[in-house]
Amino acid sequence: MSVMVARKKVVRKWEKLPGRNTFCCDGRIMMARQKGIFYLTLFLILGTCALFFAFECRYLAVQLSPAIPVFAAVLFLFAMATLLRTSFSDPGVIPRALPDEAAFIEMEIEATNGTVPQGQRPPPRIKNFQINNQIVKLKYCYTCKIFRPPRASHCSICDNCVERFDHHCPWVGNCVGKRNYRYFYLFILSLSLLTIYIFTFNIVYVALKSLKIGFLNTLKETPGTYPSTVWRGCSQSLTVLTVLEVLICFFTLWSVVGLTGFHTFLVALNQTTNEDIKGSWTGKNRVQNPYSHGNIVKNCCEVLCGPLPPSVLDRRGILQQEESTAQEESCPRGPSTQEPTAAEGPGGQAEESGAQQKEGSLPHLSAVPVPSLSNTEMPEEKQLTSGELPVPSQDAGQAEH
């Protein structure tokens with residue numbers, strides 16, 4: 516007989532999340548789909564630091580101090596750690612409304628605005644919210660079907676509403692929001708220090724070599740402490756790599772340091788890039804920022820040292836889906852599925868005992884003949900009622916024949 520066996524397939528919630536994000540490591544890593552510029556960022560940082568550690572650091576550690584490569588390694592590791600933390604974490608994505616929740620919100624909006632005549636534009640879906648005696652408008656997101664919290668915005672690249680949305684940064688391959696802004700700021704700050712550090716000691720390296728053998732000879736010589744007889748053939752190519760390293764640091768210096776200064780200004784005011792671009796607190800009405808404490812130290816402590824809220828996505832939560840499959844199995848007639856043992860006699864006594872156990876009789880009375888009783892010979896509690904049909908016994912059938 517066929518038996519239906521239900522198998523449960525474990526499905527994580529990140530597999531069903533809407534939006535344009537990619538997940539790795541069973542939902543532990545969350546990034547945007549456009550990751551090409553992020554790989555370019557990794558290549559520039561790793562390549563520049565590899566050249567610096569391979570050539571200039573060896574010479575400077577011998578000539579000046581062995582602490583130079585140590586401090587450079589600390590800056591490099593800190594910058595890489597904050598970059599990966601920014602890129603691989605949830606920036607503060609707000610879950611979309613479920614169908615029942617969206618329907619309930621639509622009913623509330625219709626009850627508030629009333630019936631809009633055909634041909635007229637419906638009023639904007641806005642709720643007023645008061646923060647520090649300041650009226651803040653909560654806007655409705657037509658994609659996520661929710662009223663966005665204060666300072667939240669919908670990212671058009673990731674297609675998600677992000678809490679305390681700052682901007683979408685393609686260099687880190689992720690949105691920058693409430694849950695990863697501090698790591699983004701620490702990344703650009705440490706990267707600025709690392710760029711200044713490498714650029715400065717590249718200039719020091721060229722200056723020290725120029726004092727010994729001259730500037731022109733320094734450009735022709737291998738950047739390192741290796742014997743010139745071994746590296747004479749590749750000295751020109753290595754010089755080109757050193758010049759390339761200096762150029763990368765020079766052009767990166769202005770952009771990264773400028774970006775760090777801009778975000779330092781925003782942190783001091785407790786403001787986001789999105790609010791600064793839109794002019795939310797410096798518009799025509801000259802509305803003051805309700806989130807600022809009026810103190811630079813307090814604003815910096817809240818943004819960089821405040822409690823980090825947990826993710827509300829629950830990416831690794833389990834969604835169970837049942838899949839039923841039919842399997843053909845030969846089972847005995849009785850409820851017991853155990854095989855007959857050698858103690859049981861031949862002729863299927865195990866099946867008879869199983870059938871008798873199902874009917875409630877004793878298991879060792881299978882060989883005792885049970886006489887058939889007519890309806891008149893039955894006890895009162897066993898006689899047929901008026902609504903039942905009599906079942907002819909086997910002896911009665913033989914008598915008729």
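Residue numbers 516 to 916, in the working numbering, belong to the letters of the sequence shown in order. All residues carry an ideal CB built from backbone N, CA and C; glycine is no exception. Everything numeric in this text was worked out from a predicted model, so none of it was measured.
Checklist entry - Among R611, R640, P805, C656, which has the Cα closest to the Cα of L784? => result For the purposes of this step, residue 784 is taken as residue 269 along the sequence shown, with counting starting at 1. Of the candidates R611, R640, P805, C656, the residue whose Cα lies closest to the Cα of L784 is P805.
Checklist entry - Span of the beta strand (DSSP E) holding T597? => result Locating residue 597 in the sequence shown gives position 82, where the first residue counts as 1. That residue, T597, is in no beta strand (DSSP E); its alpha helix (DSSP H) goes 582-603.
Checklist entry - Are there 16 or more other CB atoms within 10 angstroms of the CB of Y574, so buried, or fewer, so exposed? => result By 1-based counting over the sequence shown, the position of residue 574 is 59. By the neighbour-count rule (16 or more Cβ atoms within 10 Å), Y574 is buried.
Item to check | Own chain partners of C659 with C-beta closer than 6 Å, once the 5 adjacent residues on each side are dropped | outcome: Translated into the one-based positions of the sequence shown, residue 659 becomes position 144. So the list reads R611, C676, once near-sequence residues are dropped.
Next on the checklist: I believe A569 touches G688 by the beta-carbon criterion, under 8 Å. Please report the beta-carbon distance rounded to the nearest angstrom.
Outcome noted: The residue labelled residue 569 in the question sits at position 54 within the sequence shown. The residue labelled residue 688 in the question sits at position 173 within the sequence shown. Their Cβ separation, rounded to whole angstroms, is 27 Å, which puts A569 and G688 out of contact at 8 Å.
Item to check | A667, DSSP secondary structure in three states | outcome: For the purposes of this step, residue 667 is taken as the residue at position 152 of the sequence shown. It is coil, neither helix nor strand.
Checklist entry - Would you report the Cα separation of A722 and F591, rounded to the nearest angstrom? => result For this step, residue 722 is matched to residue 207 along the sequence shown. For this step, residue 591 is matched to residue 76 along the sequence shown. So the alpha carbons of these two residues sit roughly 24 Å apart.
Next on the checklist: Restricting to Cα atoms, I'd like to know which of R640, D615, I624 is closest to C656.
Outcome noted: One-based indexing of the sequence shown puts residue 656 at position 141. Selected option, being the one with the closest Cα: R640.
Next on the checklist: Spatial neighbours of F603 within its chain, please: C-beta separation below 6 Å, excluding the five flanking residues on both sides.
Outcome noted: Against the sequence shown, residue 603 aligns to sequence position 88. Excluding sequence neighbours, F603 sits near I544.
Checklist entry - In the structure shown, what three-state DSSP assignment does Q645 receive? => result By one-based count along the sequence shown, residue 645 stands at place 130. Correct three-state label for Q645: strand.
Item to check | Neighbourhood of I552 by C-beta, 6 Å cutoff - its chain only, sequence neighbours within 5 removed | outcome: Position 37 of the sequence shown holds residue 552. So the qualifying residues of the chain are P685, W686.
Checklist entry - So, are the CB atoms of P665 and V651 less than 7 Å apart? => result Taking the sequence shown and counting its residues from 1, one reaches residue 665 at position 150. Taking the sequence shown and counting its residues from 1, one reaches residue 651 at position 136. Yes, the pair counts as a contact, with Cβ atoms nearer than the cut-off.
Checklist entry - Going by beta carbon distance, what residues of the same chain come within less than 8 Å of R694, once the five residues before and after it are set aside? => result As a working mapping, residue 694 is identified with position 179 in the sequence shown. Closer than 8 Å at Cβ, skipping near neighbours: S604, D605, P606, G607, E678, L823, P824, S826.
Checklist entry - Helix or strand or just coil, what does DSSP make of N675? => result Residue numbering aside, residue 675 sits at position 160 when the sequence shown is read from its first letter. N675: strand per DSSP, three-state reduction.
Checklist entry - With which residues is T537 paired in a DSSP beta bridge? => result Within the sequence shown, residue 537 is the residue found at index 22, counting from 1. In DSSP, T537 forms a bridge with M546.
Checklist entry - If you drop the 5 nearest sequence neighbours on each side, which residues of the same chain put their C-beta closer than 6 Å to that of F644? => result Along the sequence shown, read from residue 1 onward, the residue named residue 644 stands at position 129. So the qualifying residues of the chain are V651, L653.
Checklist entry - Where K531 and I624 are concerned, what is the direct C-alpha to C-alpha distance, given to the nearest angstrom? => result As a working note, residue 531 is residue 16 in the sequence shown. As a working note, residue 624 is residue 109 in the sequence shown. Distance between the alpha carbons of K531 and I624 is about 28 Å.
Item to check | Selection from A587, I811, L828, S807 that minimises the alpha carbon distance to N647 | outcome: Residue 647 sits at position 132 when you count from the first residue of the sequence shown. Nearest C-alpha to N647: S807.
Checklist entry - In or out: Q462 buried (at least 16 other Cβ within 10 Å) or exposed? => result Because the chain here runs from 516 to 916, residue 462 falls outside it and cannot be looked at.
Next on the checklist: Between which residues of its own chain and F714 is the CB-CB distance below 8 Å, once the five residues before and five after are set aside?
Outcome noted: The sequence position of residue 714 within the sequence shown is 199, counting from 1. Once the five neighbours on either side are set aside, the close Cβ partners of F714 are V761, C764, F765, L768.
Next on the checklist: So, for I703: in the same chain, excluding its five sequence neighbours on each side, which residues have a beta-carbon less than 7 Å away from its beta-carbon?
Outcome noted: Stepping through the sequence shown from its first residue, residue 703 is reached at position 188. The residues are V771, L774, T775, H778.
Next on the checklist: Using 7 Å as the threshold, is the C-beta distance between S707 and A594 below it?
Outcome noted: For the purposes of this step, residue 707 is taken as the residue at position 192 of the sequence shown. For the purposes of this step, residue 594 is taken as the residue at position 79 of the sequence shown. No, these two residues do not count as a Cβ contact at 7 Å.
Item to check | C673 vs N536 beta-carbon contact at 7 Å | outcome: As a working note, residue 673 is residue 158 in the sequence shown. As a working note, residue 536 is residue 21 in the sequence shown. Going by C-beta atoms, C673 is nearer than 7 Å to N536.
Item to check | Exposure label - G821; buried when at least 16 CB within 10 Å | outcome: Start at 1 with the first residue of the sequence shown, and residue 821 comes out as number 306. So G821 ends up on the exposed side.
Item to check | Contact set for E556: own chain, Cβ-Cβ below 6 Å, skip 5 residues either direction | outcome: Start at 1 with the first residue of the sequence shown, and residue 556 comes out as number 41. Reading off the sequence shown, one finds Thr at residue 556, where the question assumed Glu. For T556, where only same-chain residues beyond five positions count, the Cβ hits under 6 Å are W686.
Checklist entry - My guess is that R830 and K524 are in contact by the Cβ rule of under 8 Å, so how many angstroms apart are they, rounded? => result Reading the sequence shown from its first residue, position 315 is the one you call residue 830. Reading the sequence shown from its first residue, position 9 is the one you call residue 524. Rounded to whole angstroms, the Cβ separation of R830 and K524 is 18 Å, and the two are not in contact under 8 Å.
Checklist entry - In angstroms, rounded to a whole number, what distance separates the CA positions of P584 and Q649? => result Taking the sequence shown and counting its residues from 1, the one referred to as residue 584 is at position 69. Taking the sequence shown and counting its residues from 1, the one referred to as residue 649 is at position 134. The alpha-carbon atoms of P584 and Q649 are separated by roughly 52 Å.
Checklist entry - Exposed or buried, what is Y696 when buried is set at 16 or more other beta-carbons lying within 10 Å of its beta-carbon? => result Against the sequence shown, residue 696 aligns to sequence position 181. Buried, by the Cβ-count rule.
Checklist entry - What is the C-beta distance between T563 and Y698, in whole angstroms, given that I count them as a contact (C-beta under 8 Å)? => result Position 48 of the sequence shown holds residue 563. Position 183 of the sequence shown holds residue 698. The Cβ separation is near 21 Å, so there is no contact.
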